[in-house]
Amino acid sequence: MSIKTKLAWFISLTVIVILSLNLSIYYFSTSSQLKKEAEQQMIGIAKQIGGTLDAAQKSKQLIEDSVGEKLRLAAISAQMRLDPDIANVSNEQLDRLSRDLGVDYITLWAKDGDDITAQKSSNPKAIGASSKALGYWYTAFSQLFELRQVIIPQGQKLNHFWSPPITIIPSDLNDVNKLGFYYNDKYNYLINPIVHAGAFYNLENLKSSDAIAQQIIDDNPSILEVSGFNPAFYKDPQVLVLNESVPPYKLDNKSMIFGQYNYIDIHDYTNLMKADQTGRIITTKAKILGHKVMKSFIPMSGTSKSVIVVNFNYAAIKEPLYHQLLIQVLISLGLMAAVVVSSSFIAGLMIRTLQLIFNRMNEISRGNFGEQIIIDSNNEFGTLASQVNAMSSNLYSYQTQLTAAAKELLHTQQYLESFVNNTSDAIHVVDLEGRTIDVNKAFETMFGWTQAEAVGQKLPMFTSELLIDLREKGELVLNGGEVTDYEIMLYGKNGMPVEVSITLSGIRDEQGRMVAYASIARDIAERKRTEEILRRSEKLSVVGQLAAGVAHEVRNPLTTLRGFVQLLQKDAKLDKSYLNIMLSELDRINLIVSEFLVFAKPQADRYQEADLYTVMNDIVVLLDSEANIHNVQMITRLDAGIPPLMCESNQLKQVLVNVMKNGMEAMPDGGELTLELVRESEQVILIRIKDQGIGIPEEDLARLGEPFFTRKTEGNGLGLMISQQIIQNHNGNMQYSSQLGAGTCVEIRIPLY
Numbered sequence: 001m002s003i004k005t006k007l008a009w010f011i012s013l014t015v016i017v018i019l020s021l022n023l024s025i026y027y028f029s030t031s032s033q034l035k036k037e038a039e040q041q042m043i044g045i046a047k048q049i050g051g052t053l054d055a056a057q058k059s060k061q062l063i064e065d066s067v068g069e070k071l072r073l074a075a076i077s078a079q080m081r082l083d084p085d086i087a088n089v090s091n092e093q094l095d096r097l098s099r100d101l102g103v104d105y106i107t108l109w110a111k112d113g114d115d116i117t118a119q120k121s122s123n124p125k126a127i128g129a130s131s132k133a134l135g136y137w138y139t140a141f142s143q144l145f146e147l148r149q150v151i152i153p154q155g156q157k158l159n160h161f162w163s164p165p166i167t168i169i170p171s172d173l174n175d176v177n178k179l180g181f182y183y184n185d186k187y188n189y190l191i192n193p194i195v196h197a198g199a200f201y202n203l204e205n206l207k208s209s210d211a212i213a214q215q216i217i218d219d220n221p222s223i224l225e226v227s228g229f230n231p232a233f234y235k236d237p238q239v240l241v242l243n244e245s246v247p248p249y250k251l252d253n254k255s256m257i258f259g260q261y262n263y264i265d266i267h268d269y270t271n272l273m274k275a276d277q278t279g280r281i282i283t284t285k286a287k288i289l290g291h292k293v294m295k296s297f298i299p300m301s302g303t304s305k306s307v308i309v310v311n312f313n314y315a316a317i318k319e320p321l322y323h324q325l326l327i328q329v330l331i332s333l334g335l336m337a338a339v340v341v342s343s344s345f346i347a348g349l350m351i352r353t354l355q356l357i358f359n360r361m362n363e364i365s366r367g368n369f370g371e372q373i374i375i376d377s378n379n380e381f382g383t384l385a386s387q388v389n390a391m392s393s394n395l396y397s398y399q400t401q402l403t404a405a406a407k408e409l410l411h412t413q414q415y416l417e418s419f420v421n422n423t424s425d426a427i428h429v430v431d432l433e434g435r436t437i438d439v440n441k442a443f444e445t446m447f448g449w450t451q452a453e454a455v456g457q458k459l460p461m462f463t464s465e466l467l468i469d470l471r472e473k474g475e476l477v478l479n480g481g482e483v484t485d486y487e488i489m490l491y492g493k494n495g496m497p498v499e500v501s502i503t504l505s506g507i508r509d510e511q512g513r514m515v516a517y518a519s520i521a522r523d524i525a526e527r528k529r530t531e532e533i534l535r536r537s538e539k540l541s542v543v544g545q546l547a548a549g550v551a552h553e554v555r556n557p558l559t560t561l562r563g564f565v566q567l568l569q570k571d572a573k574l575d576k577s578y579l580n581i582m583l584s585e586l587d588r589i590n591l592i593v594s595e596f597l598v599f600a601k602p603q604a605d606r607y608q609e610a611d612l613y614t615v616m617n618d619i620v621v622l623l624d625s626e627a628n629i630h631n632v633q634m635i636t637r638l639d640a641g642i643p644p645l646m647c648e649s650n651q652l653k654q655v656l657v658n659v660m661k662n663g664m665e666a667m668p669d670g671g672e673l674t675l676e677l678v679r680e681s682e683q684v685i686l687i688r689i690k691d692q693g694i695g696i697p698e699e700d701l702a703r704l705g706e707p708f709f710t711r712k713t714e715g716n717g718l719g720l721m722i723s724q725q726i727i728q729n730h731n732g733n734m735q736y737s738s739q740l741g742a743g744t745c746v747e748i749r750i751p752l753y
């Protein structure tokens, strides 16, 4: 499909989309507006009918209140003509009295155990009725008998008098009655005058609502039906069914107040309840009796509380809407046809300049960079042509530069290949799976595999244990780390081990992702042999120094012993003081030998957990008297929270005593000796011993710990050497710092674990 066709289709489709959106917006906005107008119309209808119901209810209430007052007067008049004891009153007497007073019936109610019953009446059908079966009536009767004001919400309440709403007596469902109940504390019964309420209760009030509803339906063909419901009754789940099971019941105890109820939906009861409880208008749509109906449940909150249901024919909204929509669609189709024709012409004009640019781009793709596009225009196409001309010039320049760079890269490649192939270090490149990508000539010489044999293979150069270690190193490199001078034992093609030091690095692609590993291996067998020779030479030198020192230290007491032995050969008798000297010299030899045994027997099997806080406190107590002799004040800063240390506590005591004595002896004029015990880190304990002595010259600090080196007139110089060996056996170290005239500080660090 050509650019011209695509552009024409694009313009056409854009217009089509705009017109479609316009039609959609028109449809939904008009539909919403018509729906709102229909809802407002239904609300107006409901308010009109509700006003009629309110007026009827107020009229009915005024009539009921007036009749109630007349009944009270009749009851008071009857009381004056009746005996206070119900036993002395007859039904015939009540019949005569009711005719005299102008009421239909008079019934007397008296207490009967825990009930209040009708015991005497001018109407035989009423005798024996129980007030307990009448719900709130029993409560009202009880309150009258207690000489209290009736306080229940139902009915008319006067002094010593209560009249329930107009009711129907169950013995005659067509008999509408108004009842009153009066009590005087001098009587043992309630006086209940009854009148027929048909003359006062105008049922035509409801007929006026029906007439209004029918008139509305006749004037508005879109209104299908208008109905009114009594919320006080339809709260019973048996909605729309007259509940006659509990006599007597109110005359208006019916679910439907006016209108017809032909458009029935299964959700009506739920919506009626919801509208009544929330006080909001509920609107729903349903398919009923072949009509698409919009039902509105409108709660009325006046004197006559009710819910009015208006059924609106939804077709009355859709038909004019569809008619207008059809007209809009026909207009849009005409516009679309005009746009399709015009867009093809406009597209041809727009791409004429673009075709010139397109032809030039084809020339550039074939490597012809010399020709230029000439377009006399300042619009976007003119700018595009200028950019294409600039691109052609730049591409020619880049081509020249790339040719020169390619030659330089070829020279660099040749140089690197010469370097890789002539180096004595073995280079081995593998992918992330361990398969060989490339090797150099030194690799072939060192391990025996040729490049052809190695490429694409996983070479058996490692043991299983070594392979696990190498994978860990590979993970380190993969995460951006480095592995250098990693000494390892690899195996050649012939199975012989080759000891090498390798440097492992990663090879990444343009996105920075790891794609391969490169290792450079150097044969270190000759270096290892040289290092071993040097190590042995150093050991022999140390042994020679120790031997010379031991010989020197032991020779002096031996010379003394030899002289006494020669003296003993000449003279069998030897003074006892000479024997003491001989024993002292032997002890001195024994001490030197014992101190050297520390090097031979570290006694690791005697390590036990020890509390350094307790150990150092013991040493402070032990050296307290000696400190007093030297006029030294010991200051301790010991952390009691240090965890127990696995150690040989006697050896540590020996080290601490040795260092603390050296500190005391370095203060001939007295001073302070500070002992600190702290946890320097999670795994390291620090012991610091600091004196205020004469200090140690810098040239002597480096010799501390040498065998037989001492700055004291007495001693053999083995104390610090033995102490250092003990601390090393505990995987720790000792450090010294000193300043002449200010004192010396010894720091001992021992790991906890």
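Quick note: the sequence shown uses full-length UniProt numbering, first residue 1, plus one each step.
Note that CB positions come from ideal geometry on N, CA and C, so glycine has one too.
Every value quoted in this text rests on a predicted model; they were computed, and no experiment measured them.
How many Å lie between residue i and residue j at the Cα?
i, j, result
"MET660", "GLY434", "59 Å"
"TRP449", "ILE437", "13 Å"
"SER746", "MET667", "With the sequence shown as reference, residue 746 is identified as Val, and Ser is not the correct amino acid for it. Cα to Cα, the separation comes out at about 15 Å."
"LEU62", "ASN271", "33 Å"
"GLY228", "ALA213", "10 Å"
"residue 794", "ARG679", "The structure shown does not extend to residue 794, since the chain is modelled only from 1 through 753, so no value can be given for it."
"ARG749", "GLU531", "30 Å"
"VAL620", "GLU626", "10 Å"
"PRO221", "VAL293", "13 Å"
"SER171", "ASN313", "Residue placement at SER171 is flagged as unreliable, the pLDDT there being 47, under the threshold of 50; a coordinate-derived value is accordingly withheld."
"ASN421", "ILE533", "33 Å"
"ASP485", "LEU504", "9 Å"
"ALA521", "GLY480", "20 Å"
"ASP523", "ILE364", "56 Å"
"ASN733", "GLN724", "7 Å"
"SER392", "LEU402", "15 Å"
"LEU656", "VAL498", "48 Å"
Does the beta-carbon of residue i have 16 or more other beta-carbons within 10 angstroms, so that it is buried, or is it exposed?
i, result
"GLN735", "exposed"
"GLY641", "exposed"
"GLY741", "exposed"
"residue 789", "Any answer about residue 789 is impossible in this case: the structure gives the chain only from 1 up to 753."
"PRO248", "The predicted model places PRO248 with a pLDDT of 47, which falls under 50 and marks its position as unreliable, so this point remains unresolved."
"SER738", "buried"
"PRO237", "Any reading at PRO237 must be qualified, since the residue scores a pLDDT of 40, below 50, and its modelled position is unreliable; no value is offered."
"LYS295", "buried"
"ILE696", "buried"
"ILE266", "exposed"
"PRO644", "exposed"
"ARG72", "buried"
"ALA426", "buried"
"MET446", "buried"
"ASP219", "exposed"
"PHE297", "buried"
"PHE345", "exposed"
Sort the options by Cα distance to residue i and report the nearest one.
i, options, result
"ALA516", "SER122, ILE502, HIS428", "HIS428"
"ILE635", "ILE264, MET664, PHE345", "MET664"
"LEU190", "ASN177, SER121, ILE166, ILE257", "SER121"
"SER66", "ALA87, TYR263, ILE166", "ILE166"
"GLY670", "ASN662, ASP639, LEU158, GLN633", "GLN633"
"ALA140", "ALA126, TRP162, LEU158", "TRP162"
"TYR105", "ASP85, GLN143, LYS111, ILE127", "ILE127"
"ASP115", "SER142, ASP83, ILE589", "SER142"
"GLY492", "PHE443, ALA525, SER519", "PHE443"
"PRO299", "HIS291, LYS274, ILE288, LYS287", "LYS274"
"GLU37", "SER301, ILE223, VAL103", "ILE223"
Can you check DSSP and say which residues form a bridge with residue i?
i, result
"ASN91", "Bridge partners of ASN91: none, in fact."
"GLN156", "SER163"
"HIS267", "Looking at the DSSP assignment, HIS267 forms no beta bridge with any residue, so it has no partner."
"LYS473", "Paired residues: none, contrary to the question."
"ILE468", "Note: ILE468 sits in no beta bridge, so no partner."
> Can you give, in chain order, each stretch of the alpha helix (DSSP H) that sits fully within the region 67-137 and has at least 4 residues?
Replying inline: 91-101
> Quick one: complete alpha helix (DSSP H) runs, 4+ long, within the region 294-330?
Replying inline: Whole alpha helix (DSSP H) segments, 4+ residues: zero.
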